[in-house]
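**Q** Chains E and U supply the protein sequences, listed in that same order.
So the first sequence is numbered by the working numbering: it starts at 1 and just counts up by one.
So the second sequence is numbered by the working numbering: it starts at 582 and just counts up by one.
In this text, a Cβ means the ideal position worked out from N, Cα and C, and glycines have one as well.
Predicted, not measured: the structure shown is a model, and the values here were computed from it.
Here's a structure for you.
Protein chains: 2
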Amino acid sequence: MTMDKIIRINMGAGKAPSVTEEGLGNYAGLGGRAMTSSVVSTEVPPLCHPLGEDNKLIIAPGILSGTAAVMSGRLSIGCKSPLTGGIKESNAGGQPSQMLGRLGYAAIIIEGKPKDDTLYKILVTPGGVTITPDNKLKMLGNYDLVEKIKEEFGEKVACISIGPAGEMKLSAASIACTDPEQRPTRHAGRGGTGAVMGSKGVKVIIIDDTDTRFRSPIDFEKFKEANKIFTQGIKAHPITGEGLPAFGTNVLTDVLNEAGAYPTLNFKGGRFDGAAIIGGEALATLETQRNGKATHGCQKGCIIKCSGIFNDKDGNYVTKQPEYETVWANGGNCGIEDLDTIAMLDRLYDDFGLDTMDMGAALAIAMDAGLAKFGDGEAAIKLIKEVGKGTSLGRILGSGAAVTGKVLGVERVPVVKGQAMAAYDPRGVQGIGVTYATSPMGADHTAGYSVATNILGVGGTLDPLLPDGQVDLSRNLQIATASLDSLGLCLFVAMAILDNADAFQAMLDLVNGLTGKEFTPDNFNALGASVLKKERDFNYRAGFTSKDDRLPEYFKKEIFPPHNVVFMVKDEDLDQVFDKI
Amino acid sequence: MTMDKIIRINMGAGKAPSVTEEGLGNYAGLGGRAMTSSVVSTEVPPLCHPLGEDNKLIIAPGILSGTAAVMSGRLSIGCKSPLTGGIKESNAGGQPSQMLGRLGYAAIIIEGKPKDDTLYKILVTPGGVTITPDNKLKMLGNYDLVEKIKEEFGEKVACISIGPAGEMKLSAASIACTDPEQRPTRHAGRGGTGAVMGSKGVKVIIIDDTDTRFRSPIDFEKFKEANKIFTQGIKAHPITGEGLPAFGTNVLTDVLNEAGAYPTLNFKGGRFDGAAIIGGEALATLETQRNGKATHGCQKGCIIKCSGIFNDKDGNYVTKQPEYETVWANGGNCGIEDLDTIAMLDRLYDDFGLDTMDMGAALAIAMDAGLAKFGDGEAAIKLIKEVGKGTSLGRILGSGAAVTGKVLGVERVPVVKGQAMAAYDPRGVQGIGVTYATSPMGADHTAGYSVATNILGVGGTLDPLLPDGQVDLSRNLQIATASLDSLGLCLFVAMAILDNADAFQAMLDLVNGLTGKEFTPDNFNALGASVLKKERDFNYRAGFTSKDDRLPEYFKKEIFPPHNVVFMVKDEDLDQVFDKI
């Protein structure tokens, strides 16, 4: 099966939504982020309302998705973002990407807008696509929704769905993807993609890949050999082979806290007293004690297995292992040092369909505004339950950190382009500040993970407290990331490919073997650069300027302990990131 | 007394706020909007947080304020706007402008930010300025506040103050000025200036001009003669001499409804069944019946007297005569056809310190979101009382129409640069659409009142339903308005000066006589153009582009009854407004 079809769904067509299947046309050869950003850039009017009929939601498996390549199941979801007003690609793990790839679909494009508030489910099978109204699904949490879908369609389908937050069209609403246990735990969290899906009247896309197989590479032997070397490279790297499997992404809590770059109490300092209590080792130990899992893949074909299963004290499932950024946003950033509280928040976010990062940032801002005390976990859970109930307070928080700050009159709001920063203070890791400032996505650590070289010693080393070299580093990482996001590869493979030339070549050979076409290091870079150019151009046409490529002013003025530094990369240097792409 | 001093107050200085008096320096010769926009443009970093220490609040009487010139008491208030993120000049009538002028102050500049949440009052007298903490004033409505100030400082002082909305730093918070009866009824409503005053910890500025006199013109005879001719011109014009005195600004309800350009039910149509019930004639009749006043000046020196006094059915004072835009925003735009309801809303807005227009727009959006039914006046009052209480819902609404739309997930939000449109649909009055789109202030009918020529036949005539000529019209009016706002003249003098060459020359001669310097028609235009350039430049440096000079897309797509037209001025023509200044 080649991935050569696009499903185009018009939710605003006549009396009922329409579906057409079409060839790839100008989108041939694209996948993942290259696909979503190309479609948004080509088809979405930059000044349209993100919740209006002219916006489109594009769901695209990566170029390697649906193959036997390890780590190749990231799903890209794109649109004009209700959170940032710019282009958005948010990606997620889970099962859907591999399944869509095996079904031969390079993209699902959802456009138009229903005339009434009917809610629809979309079923994608080898036999075709059907769209059915189903108002019984209204306002279901993702967990209850998936249970209902399971009853109707069995245990082998995957779901791409929204919770109440998406139906309410809140700007921090995520889109959930089910994991191998058919739980809605993997989210395209950032940028409010869930609100766009909600505005289209789509509750869930059910994917049934019964009787499909891995996509066949053109050069099977080359592909197979490349996959072997790629696997070895990932397993041999200390981070992807040891740290992440053992402690998950939360292994970073200790590292960033030690580095004094772990933002605490709404970005007021870089060290958190409770770090050890909520860090990776404590989390893994607790999971194991309670018969959960400390090592678990979020999708089939994963060999890193940085996820896990978090049970309560009675051994009952609560949520998947909360990611480092979730533990931070709702832990250290809110002064909360209790893993059960953080896990419950993670569960609620997954169930309501919300970005754990923008929500944690919003919670800390609410605490700064006096709505709860820093460190009060019960209050935090209560606040987040308001979102599920759709109260006014819940709607404020669910609109994300920027709106929460505006409505509550708080000045210190750590966002760029309306999107909240992640678990790395840009004063303690100056390189990530460059990425936060300049990524077309808004503040986004994954868009160019300078932490790797600033803190982890991956891809070389660079002093995290100095501005020197950070612009070049961020640019190179943003280009590489845009390529990886297009291939459908998990970002963690970057650790291996940055440090191991064989692994990098093997990754290229996976594409070579699959497509039979030459995919060189230059092609890899050109792919990422072309994606960034399209994204940047869309944002330009949407009214963004260099003034949007700036951190909030207080990061340049407010001294950050323990290093007592400010963000020092100059504005004119930030403008060099894209001037040289 | 010449107006040659600036009071500079640093609310963030050391242990207590500091006051310095300084000369005009580079700001010599400026007043009103020319003063506020020059100071903002020169001294405020364009990317600063509007609620942060780097923003400044500038309060400036007009160039003619404090003189015996009729209609010369408009006060300009400027800052970086928390509502739009751009530069803001919002102006108000009432007593303070004349009094500040007589005291010789060309501007009060409030900068910095207190370190704690102490609330201050500032007293400006002929003997100097004193700043006193007074936390007993916290969260007082403007009416109660003014009562307290009256007890302490007597019945002759004027107040510039904020209500709870400003203290809560809500983006639709206004700054109130007291009228001749010492009631807080005249507001610098637009753009959230009240939130900036709140962020500076200033509750009220009390102005005591005891024993001061009119500013003396250099050429007294010329000035006196000019004032006479100017007065005659205003009294001779049918709008300023008859319509406005008899029925107030609300005379426009019938006119705009008849023209089919009166936005109803959140901008869904141009005619309102209840127009006659809430129009100018009905309002004046009711006011007279209840022993209020149908004709009343908002400040001493006013000869138009377009205001009035609105009493309840028992003859007790409720509020000043609600303005046309208030009656529309909270009447026709919300489907409400009851003057008592509208007057109560007006009273609440004045008391809480809120922009009646952005709030009415927010109410209609809340109705579109299902929070109340269109036409339900009791529900509207209940919603607005939430703002006074500071509930979450109240904070959403008090943040203005744009944020309300975002938080409630509503797509049809009639704002430009985050500020709500006024009582003229840009499809029914294409000329005002050009002003909404391109004014540096955000959607603002007063910034270039094309309605005059499109609908009222003032300054010539132009078909309101066609795009032809609208760009030139809006540009010319924006320039003239920026000059009038700088002179401190009430905008309604524009009716006379547009139609009567003698009145126009008399207005110039008022300045000639006052200053002894030549003030020609070219100087008048150059003044306005220079103000707009500074404002535009500030916005550019704050990240605004031509993409911000656009109406929301739906005005170009959604057909507007009864004329069944869309907004037809082309984007490239909108860009000609400022390309030619």
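Output yes if chain U places a C-beta closer than 7 Å to the C-beta of T606 of chain E; else output no.
**A** Absent from the structure is residue 606 of chain E, since the part of chain E shown begins at 1 and ends at 581.
**Q** Use the C-beta contact count for G1097 of chain U: other C-beta atoms within 10 angstroms, 16 or more gives buried, fewer gives exposed.
**A** The residue given as residue 1097 of chain U occupies position 516 in the second sequence. Exposed, by the Cβ-count rule.
**Q** Considering only the beta carbon of each residue, do G375 of chain E and N333 of chain E sit closer than 7 Å?
**A** Stepping through the first sequence from its first residue, residue 375 of chain E is reached at position 375. Stepping through the first sequence from its first residue, residue 333 of chain E is reached at position 333. Not in contact: G375 of chain E and N333 of chain E (Cβ atoms no closer than 7 Å).
**Q** Tell me, please, whether the CB atom of G52 of chain E is closer than 7 Å to any CB atom in chain U?
**A** Against the first sequence, residue 52 of chain E aligns to sequence position 52. By this cut-off, G52 of chain E is an interface position.
**Q** Compare the C-beta of G25 of chain E against all C-beta atoms of chain U and say whether one is closer than 7 Å.
**A** The residue given as residue 25 of chain E occupies position 25 in the first sequence. No, no contact with chain U.
**Q** So is D548 of chain E in contact with chain U if we call contact Cβ pairs under 7 Å?
**A** As a position in the first sequence, residue 548 of chain E is number 548, starting the count at 1. At least one chain U Cβ lies under 7 Å of D548 of chain E.
**Q** Looking only at its chain, what residues have a beta carbon closer than 6 Å to the beta carbon of G274 of chain E, apart from the 5 residues adjacent to it on each side?
**A** Sequence index remark: in the first sequence, residue 274 of chain E carries index 274 (1-based). Within the same chain, G274 of chain E has close Cβ partners E337.
**Q** Smallest Cα separation from Y436 of chain E: which of E:R8, E:L551 and E:G192?
**A** By 1-based counting over the first sequence, the position of residue 436 of chain E is 436. Residue E:L551 is the option with its Cα nearest to Y436 of chain E.
**Q** Strictly below 7 Å CB to CB, what residues from chain U border K56 of chain E?
**A** As a working note, residue 56 of chain E is residue 56 in the first sequence. Within chain U, no residue comes near K56 of chain E; the closest Cβ sits about 15 Å away, beyond 7 Å.
**Q** Report the option in U:K729, U:A1063 and U:P1045 whose CA atom is closest to the CA atom of G612 of chain U.
**A** In the second sequence, the residue the question calls residue 612 of chain U occupies position 31. With distances taken between Cα atoms, G612 of chain U lies closest to U:A1063.
**Q** Among U:Q870, U:Q880, U:L846 and U:Q1059, whose alpha-carbon lies nearest the alpha-carbon of A953 of chain U?
**A** Taking the second sequence and counting its residues from 1, one reaches residue 953 of chain U at position 372. Among U:Q870, U:Q880, U:L846 and U:Q1059, the Cα nearest to that of A953 of chain U belongs to U:L846.
**Q** Using a Cβ-Cβ cut-off of less than 8 Å, list which residues of the region 702 to 718 of chain U approach chain E; keep chain order.
**A** Within the region 702 to 718 of chain U, no residue has a Cβ that lies closer than 8 Å to any Cβ of chain E.
**Q** To the nearest whole angstrom, what separates the beta carbons of L1163 of chain U and K803 of chain U, a pair I think is in contact under 8 Å?
**A** In the structure displayed, chain U extends from 582 to 1162; residue 1163 of chain U sits before or after that span and is not available.
**Q** When the Cα of N523 of chain E is compared with those of E:P562, E:N91, E:A480 and E:F544, which residue comes out closest?
**A** Position 523 of the first sequence, counting from 1, holds the residue named residue 523 of chain E. Checking every option, the nearest Cα to that of N523 of chain E belongs to E:A480.
**Q** How close, in whole Å, do the beta carbons of G1014 of chain U and F1148 of chain U come, if the pair is a contact with beta carbons under 8 Å?
**A** For the purposes of this step, residue 1014 of chain U is taken as residue 433 along the second sequence, with counting starting at 1. For the purposes of this step, residue 1148 of chain U is taken as residue 567 along the second sequence, with counting starting at 1. That pair is a contact at about 5 Å.
**Q** Hey, how far is the Cα of K970 of chain U from the Cα of G667 of chain U?
**A** Within the second sequence, numbered from 1, the residue matching residue 970 of chain U stands at position 389. Within the second sequence, numbered from 1, the residue matching residue 667 of chain U stands at position 86. Cα-Cα distance, rounded: 29 Å.
**Q** Starting from N892 of chain U, follow the beta strand (DSSP E) in both directions and report where the run begins and ends.
**A** Within the second sequence, the letter at position 311 stands for residue 892 of chain U. Start and end: S888 to N892.
**Q** Under 7 Å Cβ-Cβ, which residues of chain U neighbour S171 of chain E?
**A** Position 171 of the first sequence holds residue 171 of chain E. Those within 7 Å of S171 of chain E in chain U are K987.
**Q** Using the three-state DSSP reduction, which class does P521 of chain E fall into: helix, strand or coil?
**A** As a working mapping, residue 521 of chain E is identified with position 521 in the first sequence. Three-state result, P521 of chain E: helix.
**Q** Between E553 of chain E and chain U, is any beta-carbon pair separated by less than 7 Å?
**A** On the first sequence, position 553 is the one that residue 553 of chain E refers to. Cβ-Cβ to chain U under 7 Å: yes for E553 of chain E.
**Q** Can you pull the chain U neighbours of R536 of chain E, defined as C-beta to C-beta under 8 Å?
**A** Position 536 of the first sequence, counted from the start, is the residue given in the question as residue 536 of chain E. The premise fails here: R536 of chain E is roughly 14 Å from chain U at the closest Cβ pair, so nothing lies under 8 Å.
**Q** Starting from the N-terminal side, write out each stretch of the alpha helix (DSSP H) that is 4 residues or longer and does not extend beyond the region 929 to 958 of chain U.
**A** List check, alpha helix (DSSP H) in window: 937 to 949.
**Q** Spatial neighbours of D932 of chain U within its chain, please: C-beta separation below 7 Å, excluding the five flanking residues on both sides.
**A** As a first step, residue 932 of chain U is located in the second sequence; it is residue number 351 there, counting from the start. Here the set comprises G722, N723, Y724 and G744.
**Q** So, at 8 Å on beta carbons, what are the nonlocal neighbours of I588 of chain E in its own chain, with the 5 sequence-adjacent residues on each side left out?
**A** Outside the modelled stretch of chain E, which goes from 1 to 581, sits residue 588 of chain E, for which no answer is possible.
**Q** Measuring only the C-alpha atoms, how far is G654 of chain U from D760 of chain U?
**A** In the second sequence, the residue the question calls residue 654 of chain U occupies position 73. In the second sequence, the residue the question calls residue 760 of chain U occupies position 179. Straight-line Cα distance between these residues: approximately 11 Å.
**Q** With DSSP as the reference, label N10 of chain E as helix, strand or coil.
**A** Residue numbering aside, residue 10 of chain E sits at position 10 when the first sequence is read from its first letter. In this structure, N10 of chain E counts as strand in the three-state DSSP scheme.
**Q** Would T583 of chain E pass as a contact of A362 of chain E if the rule is Cβ separation under 7 Å?
**A** The requested residue 583 of chain E does not occur in the structure, where chain E is confined to residues 1 to 581.
**Q** In chain U, which residues lie less than 7 Å from R190 of chain E when you measure between Cβ atoms?
**A** Counting from 1 along the first sequence, the entry for residue 190 of chain E is found at position 190. What R190 of chain E touches in chain U: nothing, since even the nearest Cβ is about 17 Å away.
**Q** Is the Cβ-Cβ distance between F272 of chain E and R427 of chain E less than 7 Å?
**A** Looking up residue 272 of chain E in the first sequence gives position 272. Looking up residue 427 of chain E in the first sequence gives position 427. Against a cut-off of 7 Å, the Cβ pair of R427 of chain E and F272 of chain E comes out as no contact.
**Q** Among residues of its own chain, excluding the 5 on either side of D1154 of chain U, which ones have a beta-carbon nearer than 6 Å to its beta-carbon?
**A** As a first step, residue 1154 of chain U must be located in the second sequence, where it is residue number 573. Closer than 6 Å at the Cβ level, and outside the excluded window around D1154 of chain U, lie V1052.
**Q** List, in order along the chain, the chain E residues whose C-beta lies closer than 8 Å to that of I977 of chain U?
**A** Within the second sequence, numbered from 1, the residue matching residue 977 of chain U stands at position 396. The answer, in chain order, is S392, R395, I396 and V407.
**Q** For A172 of chain E and L354 of chain E, which I take to be in contact (beta-carbon distance under 8 Å), what is that distance rounded to the nearest angstrom?
**A** Reading the first sequence from its first residue, position 172 is the one you call residue 172 of chain E. Reading the first sequence from its first residue, position 354 is the one you call residue 354 of chain E. That pair is a contact at about 5 Å.
**Q** Got a sec: is the Cβ-Cβ distance from L1113 of chain U to anything in chain E below 7 Å?
**A** As a first step, residue 1113 of chain U is located in the second sequence; it is residue number 532 there, counting from the start. No, its Cβ sits nowhere closer than 7 Å to a Cβ of chain E.
**Q** I'd like to know whether the C-beta of G543 of chain E is nearer than 7 Å to at least one C-beta of chain U.
**A** Locating residue 543 of chain E in the first sequence gives position 543, counting from the first residue. For G543 of chain E, the answer is yes, since a Cβ of chain U falls inside 7 Å of its Cβ.
**Q** What's the gap between the Cα of L837 of chain U and the Cα of I1036 of chain U?
**A** Translated into the one-based positions of the second sequence, residue 837 of chain U becomes position 256. Translated into the one-based positions of the second sequence, residue 1036 of chain U becomes position 455. Answer to the nearest angstrom: the Cα atoms are 8 Å apart.
**Q** Go to L1091 of chain U, then tell me how far its alpha helix (DSSP H) extends in each direction, as first and last residue.
**A** Mapped onto the second sequence, residue 1091 of chain U falls at position 510. Per DSSP, L1091 of chain U belongs to the alpha helix (DSSP H) from A1082 to T1096.
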